[in-house]
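Visitor:
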Amino acid sequence: MTPDEKARYYGRMEKNFPQFLKAMERLVAVPSYLKEDDDYPHVPAIKKVLDETMALMKDLGYRTYADPDGYYGWAEIGEGDTLIGVLGHLDVVPPGLIDDWKSDPFTVNYRDGKAYGRGVQDDKGPTLTAVYAVKALLDEGFTPNYRLRFIFGTDEENLWRGIKVYMEKEEKPDFGFTPDSIFPLIHAEKGVLEYTLHAPNESGLTFKAGDAYNVVPSYVKAPKSQALIEALKNLHYEYRDEGETVGILGKGMHAQFAEKGVNAIHRYLLALEAMGYPTKAARFVKDNLEGHLFAEPIFGDVKDDASGELKFNLGKIELTEKEEILSIDMRIPVTYPKEKAVEAITQKAAEYGFTYHEFDWLKPVYLPLDSPIIKKLMDSYVEATGDTEHKPLSSGGATYARAMDNCVAYGIILPGVEKSEHMPNENMVVDDYKTAMKIYIHTFVNFNR
8 MTPDEKARYY GRMEKNFPQF LKAMERLVAV PSYLKEDDDY PHVPAIKKVL DETMALMKDL
68 GYRTYADPDG YYGWAEIGEG DTLIGVLGHL DVVPPGLIDD WKSDPFTVNY RDGKAYGRGV
128 QDDKGPTLTA VYAVKALLDE GFTPNYRLRF IFGTDEENLW RGIKVYMEKE EKPDFGFTPD
188 SIFPLIHAEK GVLEYTLHAP NESGLTFKAG DAYNVVPSYV KAPKSQALIE ALKNLHYEYR
248 DEGETVGILG KGMHAQFAEK GVNAIHRYLL ALEAMGYPTK AARFVKDNLE GHLFAEPIFG
308 DVKDDASGEL KFNLGKIELT EKEEILSIDM RIPVTYPKEK AVEAITQKAA EYGFTYHEFD
368 WLKPVYLPLD SPIIKKLMDS YVEATGDTEH KPLSSGGATY ARAMDNCVAY GIILPGVEKS
428 EHMPNENMVV DDYKTAMKIY IHTFVNFNR
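When you read off a place in the sequence shown, starting at 1, and then add 7, the result is the number in this note's numbering.
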């Protein structure tokens, strides 16, 4: 890229930036999260966010296609034999406790140099960042010698049904990236195993708590009683008196960082046990998870150099009249066999009367550092930022990089910036969108070579 081209592309990016913000506000305004009983993909908010995105891309000059059932959409520009994919998702996680937000989660709010809202970091804002990087290039006369296809999934936060249907029905890109993580890039992603544990309910209790497998629950609403309040006080657990109910407080976190969160379900179970209401779930939590950040009593010390420690999150619980049901998310190091993890949890769960039922499995991803796609993306990142210190990383996150070969997570969170995805007050530094756009501008230009 010549200095003149760089100046023109960057200048056009700045000129178009207000349009980017408006587009992000448009998509964030759609509360496109899935509830447990939703008949996916026939969900009004999912259809609306896909329709809004397809309309936006068509207005930008792309050839577009929306799956008639609403599983996915794509938008393509350029000509050539090579197809490069940018994979993003339009669904988000639920907002959680609204009172924990300082502004409406579905209205982008700007304060302190940041944009706040559900989806500004995961993944509406990042996906649009790549879209508007391309717009800056096209507006200045850049002609790609490849076809560039943005692929929009609608179920990334749950079962990946949208992207799976795309890969079954549509042309697969030769290579690509997903702007759903951090810079410089992620070359290894842990395996993600989600499952439920079932045991007979002999406690006499019935309740439900938690929103998703992959989120550390930050809040449990429970019927108010003096005994519960006393138990919470004695255990030094935070709570909120809400009149007829009590809000048991934890600290929400994405499951890949479960050890940094505080699990409100754990707290409720142990408070109930202290009140004289023992459950199998409480014994399981007390013996294996409390004081054990990585569930070492179950698995031992499981970690590897490529991707780090095994992570364990109890994301949801339901006690019906007949069963105790625990919904668990695990992030398994790339070199650790899934079969060993399943064997360990099955055996340990049986000690408490639970049986194992697999819900979903996403295999790990690992691309060598010397692969062509890694080199091209890293070269582009360094050209745009001058940063030669930060190197490719591993992650416990699950991104669409797993959906196809030769794909990695690439941006948009810059090194050293705190991730707030899946948390109350999800946010992005506004100027970081511009930095990411510059990186993507270099990337799309370098794809021409």
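Ideal Cβ placement from N, Cα and C applies to all residues, glycine included. Only a predicted model underlies this, so the values are computations on that prediction, with no experimental measurement involved.
1. Since Y206 is in the beta strand (DSSP E), which residue starts that stretch and which ends it?
2. With 16 as the cutoff for other CB atoms within 10 Å, does P304 come out buried or exposed?
3. Do L256 and E266 have their C-beta atoms within less than 8 Å of each other?
4. According to DSSP, which residues form a beta bridge with N116?
5. Based on Cα-Cα distance, which residue from H243, L421, I446 and D248 lies nearest to E390?
6. Is P371 near G126, with beta carbons less than 8 Å apart?
7. Going by alpha carbons, who is nearest to D44 out of P151, N152 and N165?
8. Since P340 and A271 are thought to touch, with beta carbons under 8 Å apart, how far apart are those beta carbons, to the nearest angstrom?
9. Looking at the strands, I want to know which residues DSSP matches up with N434.
10. Taking the alpha carbon of E365 as the point to measure from, which residue in K383, K345, D74 and E358 has its own alpha carbon closest?
11. Hey, how far is the Cα of V437 from the Cα of M8?
12. Compute the distance between the beta-carbons of Y417 and A195, then report whether it is under 8 Å.
13. Looking only at its chain, what residues have a beta carbon closer than 7 Å to the beta carbon of N432, apart from the 5 residues adjacent to it on each side?
14. State whether the region 377-397 contacts the region 236-245, with contact taken as three or more CB pairs (one from each stretch) at a distance under 8 Å.
15. Which ranges would you report for the beta strand (DSSP E) in the region 361-390 if only whole runs of at least 3 residues count?
16. Around the C-beta of H49, are 16 or more other C-beta atoms found within 10 angstroms, so that it is buried, or is it exposed?
17. Under three-state DSSP, which class holds E331?
18. If you pair each beta-carbon of the region 231-239 with each one of the region 198-209, do three or more pairs fall below 8 Å?
19. Taking its Cβ as the centre, do 16 or more other Cβ atoms sit within 10 Å of N152, making it buried, or is it exposed?
20. Might you give, ordered along the chain, the residues of its own chain that have their beta carbon closer than 8 Å to the beta carbon of D58, omitting 5 neighbours on each side?
21. In the DSSP assignment, what are the bridge partners of E83?
22. Taking its Cβ as the centre, do 16 or more other Cβ atoms sit within 10 Å of A302, making it buried, or is it exposed?
23. Would you mind stating whether P180 and I419 have Cβ atoms separated by less than 8 Å?
24. Output the distance between the C-alpha atoms of L200 and P285, rounded to the nearest integer angstrom.
25. For A229, list the residues DSSP reports as bridge partners.
26. What residues in its chain sit with their C-beta under 6 Å from that of A7, if we drop five residues either side in the sequence?
27. Give the single residue among R70, V100, W167 and D66 whose Cα lies nearest to the Cα of S459.
28. Over the uninterrupted alpha helix (DSSP H) stretch that includes A302, give me the two end residues.
29. Which first and last residues belong to the beta strand (DSSP E) in which G322 is found?
30. Rounded to a whole number of angstroms, what is the C-alpha to C-alpha distance between L6 and E178?
31. In three-state DSSP terms, what is T185?
32. For P102, I'd like the list of residues in its chain whose CB is within less than 6 Å of its CB, leaving aside the five on either flank, ordered along the chain.
33. Could you tell me the alpha carbon to alpha carbon distance between E147 and A443, rounded to whole angstroms?
Guide: So, from the listed chains and residues:
1. Within the sequence shown, the letter at position 199 stands for residue 206. Residue 206 is actually Ala in this sequence, not Tyr. Note, A206: beta strand (DSSP E), G198 to P207.
2. Position 297 of the sequence shown, counted from the start, is the residue given in the question as residue 304. Answer is exposed; the Cβ neighbour count stays below 16.
3. Your numbering for residue 256 matches position 249 in the sequence shown. Your numbering for residue 266 matches position 259 in the sequence shown. Not a contact, by the Cβ cut-off of 8 Å.
4. Counting from 1 along the sequence shown, the entry for residue 116 is found at position 109. Paired residue(s): Y123.
5. Walking along the sequence shown from the start, residue 390 turns up at place 383. Closest option to E390, Cα to Cα, is I446.
6. For the purposes of this step, residue 371 is taken as residue 364 along the sequence shown, with counting starting at 1. For the purposes of this step, residue 126 is taken as residue 119 along the sequence shown, with counting starting at 1. No, the pair does not count as a contact, with Cβ atoms beyond the cut-off.
7. On the sequence shown, residue 44 is found 37 positions in, with the first residue counted as 1. D44 has its Cα closest to that of N165, out of P151, N152 and N165.
8. Residue 340 sits at position 333 when you count from the first residue of the sequence shown. Residue 271 sits at position 264 when you count from the first residue of the sequence shown. Incorrect: roughly 27 Å between the Cβ atoms, too far for contact.
9. Here the question's residue 434 lines up with position 427 in the sequence shown. DSSP lists Y123 as partners of N434.
10. For the purposes of this step, residue 365 is taken as the residue at position 358 of the sequence shown. The residue with the shortest Cα to Cα distance from E365 is K345.
11. As a position in the sequence shown, residue 437 is number 430, starting the count at 1. As a position in the sequence shown, residue 8 is number 1, starting the count at 1. Computed Cα separation, rounded: 25 Å.
12. Here residue 417 refers to the residue found at position 410 when the sequence shown is read from its first residue. Here residue 195 refers to the residue found at position 188 when the sequence shown is read from its first residue. Cβ atoms of Y417 and A195: not closer than 8 Å.
13. Here residue 432 corresponds to residue number 425 of the sequence shown, with the count starting at 1. Hits under 7 Å: W108, K109 and Y123.
14. no
15. 362-369
16. One-based indexing of the sequence shown puts residue 49 at position 42. Under this definition H49 is an exposed residue.
17. Here residue 331 refers to the residue found at position 324 when the sequence shown is read from its first residue. If DSSP states are grouped into helix, strand and coil, E331 belongs with the strands.
18. no
19. Translated into positions along the sequence shown, residue 152 becomes position 145. N152 should be labelled exposed.
20. Position 51 of the sequence shown, counted from the start, is the residue given in the question as residue 58. Within the same chain, D58 has close Cβ partners A73.
21. Taking the sequence shown and counting its residues from 1, the one referred to as residue 83 is at position 76. Paired residue(s): R70 and R156.
22. Along the sequence shown, one-based indexing puts residue 302 at 295. Flag for A302 reads buried.
23. Position 173 of the sequence shown holds residue 180. Position 412 of the sequence shown holds residue 419. Taking 8 Å as the Cβ cut-off, P180 and I419 do not qualify as a contacting pair.
24. Counting from one through the sequence shown, the residue named residue 200 turns up at place 193. Counting from one through the sequence shown, the residue named residue 285 turns up at place 278. Near 28 Å, if we compare the C-alpha coordinates of P285 and L200.
25. Within the sequence shown, the letter at position 222 stands for residue 229. Paired residue(s): V253.
26. Absent from the model: residue 7. The displayed extent of the chain is 8 to 456, so no value can be given.
27. The structure shown does not extend to residue 459, since the chain spans only 8 to 456, so no value can be given for it.
28. As a working mapping, residue 302 is identified with position 295 in the sequence shown. Segment: none, A302 is in no alpha helix (DSSP H) and carries neither H nor E.
29. If you number the sequence shown from 1, residue 322 lands on position 315. Looking at the DSSP string, the run of the beta strand (DSSP E) that includes G322 is K318 to L326.
30. Past the edges of the chain, shown from 8 to 456, lies residue 6, and the structure says nothing about it.
31. What you label residue 185 is simply residue 178 of the sequence shown in a count that begins at 1. In the structure shown, T185 sits in a strand (DSSP, three-state: E or B).
32. Here residue 102 is taken as the residue at index 95 of the sequence shown, counted from 1. Excluding residues within five positions, the ones whose Cβ falls inside 6 Å are P112 and R125.
33. Your numbering for residue 147 matches position 140 in the sequence shown. Your numbering for residue 443 matches position 436 in the sequence shown. In a straight line, the C-alpha of E147 is about 18 Å away from that of A443.
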